[in-house]
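In what follows, a structure is listed as C-alpha cells, so that the remarks can point back to it.
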Amino acid sequence: RTCTEPYTGCLMVRPLPPGSPEVPFAGGAVLQPNTMAQADYLERRKLVTVNGMHTTLAFLSLSSYCKSTSKEIELNDDKLQSPLHELPLETMATLGEDTQREVLAWAAARQLFLIFEFGEDFVMLAHEVPE
Numbered sequence: 041r042t043c044t045e046p047y048t049g050c051l052m053v054r055p056l057p058p059g060s061p062e063v064p065f066a067g068g069a070v071l072q073p074n075t076m077a078q079a080d081y082l083e084r085r086k087l088v089t090v091n092g093m094h095t096t097l098a099f100l101s102l103s104s105y106c107k108s109t110s111k112e113i114e115l116n117d118d119k120l121q122s123p124l125h126e127l128p129l130e131t132m133a134t135l136g137e138d139t140q141r142e143v144l145a146w147a148a149a150r151q152l153f154l155i156f157e158f159g160e161d162f163v164m165l166a167h168e169v170p171e
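Now the structure itself:
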C-alpha cells in the first residue's frame, strides 16, 4: 500500500509569450507566475522542499533501520541492495516526537535557504503576500 501526504499538489505553468492561447487549466492548484524569475523560484522551491524532504525522510528511515539491526548495509554501484532498496519511508505518523521536531527543523531550514537564495521581498512577491 502506498500513501502520500494530504497535500493535493499543484501545477505550475511558466509564463507564455504574448499572444499565446490561454492555459487550458484552471483552479486553485494551478500556479501561473507573472515572470520567468518567479517560475524559476517555484520550480526551485519544489525541488528544495518536496524532493529535499523526501531525501531527509529516506536518510532518517535508513538511520532508524541501522539502529535496529546489526546487519551490514550492502551497496552495489552506490545503490542499496535487497531488502533495503524497498525499505519503507518513515512518515510523521511513524516517527517519534524528537525526530518529528528534527524533520520540522529541516523543513524550516529549507524554506530559509530559499529566502536566502531569492530574497525575502522576492519570495513574498512570488507568493502574492501584501507588503
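Counting from 41, one number per residue, gives the positions in the sequence shown under the numbering used here. Note that CB positions come from ideal geometry on N, CA and C, so glycine has one too. Keep in mind it's a predicted model, so treat the numbers as computed, not measured.
Look at residue i and residue j and say whether their C-beta atoms are less than 8 Å apart.
{"i": "residue 88", "j": "residue 72", "result": "no"}
{"i": "residue 121", "j": "residue 112", "result": "no"}
{"i": "residue 64", "j": "residue 79", "result": "no"}
Identify which residue in the options has its Cα closest to the Cα of residue i.
{"i": "residue 92", "options": "162, 125, 149, 163", "result": "149"}
{"i": "residue 90", "options": "105, 49, 126", "result": "49"}
{"i": "residue 83", "options": "68, 136, 51", "result": "51"}
{"i": "residue 126", "options": "151, 167, 102, 156", "result": "102"}
{"i": "residue 77", "options": "95, 165, 63, 171", "result": "165"}
{"i": "residue 146", "options": "117, 100, 104, 160", "result": "100"}
Which whole-angstrom value is the C-beta distance of residue i and residue j, which I expect to be below 8 Å?
{"i": "residue 97", "j": "residue 129", "result": "5 Å"}
{"i": "residue 81", "j": "residue 158", "result": "5 Å"}
{"i": "residue 163", "j": "residue 152", "result": "About 10 Å; that fails the 8 Å criterion."}
Is there at least one non-hydrogen atom of the ligand ADP closer than 7 Å to the beta-carbon of residue i?
{"i": "residue 111", "result": "Absence of the ligand ADP from the depicted structure is noted, as is the absence of any ligand whatsoever, leaving it without description."}
Practice task
Go through the segment 107-156 residue by residue and report every complete run of the alpha helix (DSSP H) that reaches 4 residues or more, in order.
Solution key: none
Problem - Cβ pair count under 8 Å reaching 3, the segment 61-77 against the segment 129-148 - result: The segment 61-77 makes no contact with the segment 129-148, as fewer than three CB pairs between them are under 8 Å.
Exercise for the section: Kindly provide the ranges of any alpha helix (DSSP H) runs that are 4 or more residues long and lie completely inside the segment 80-110, ordered along the chain. Expected result: 92-107
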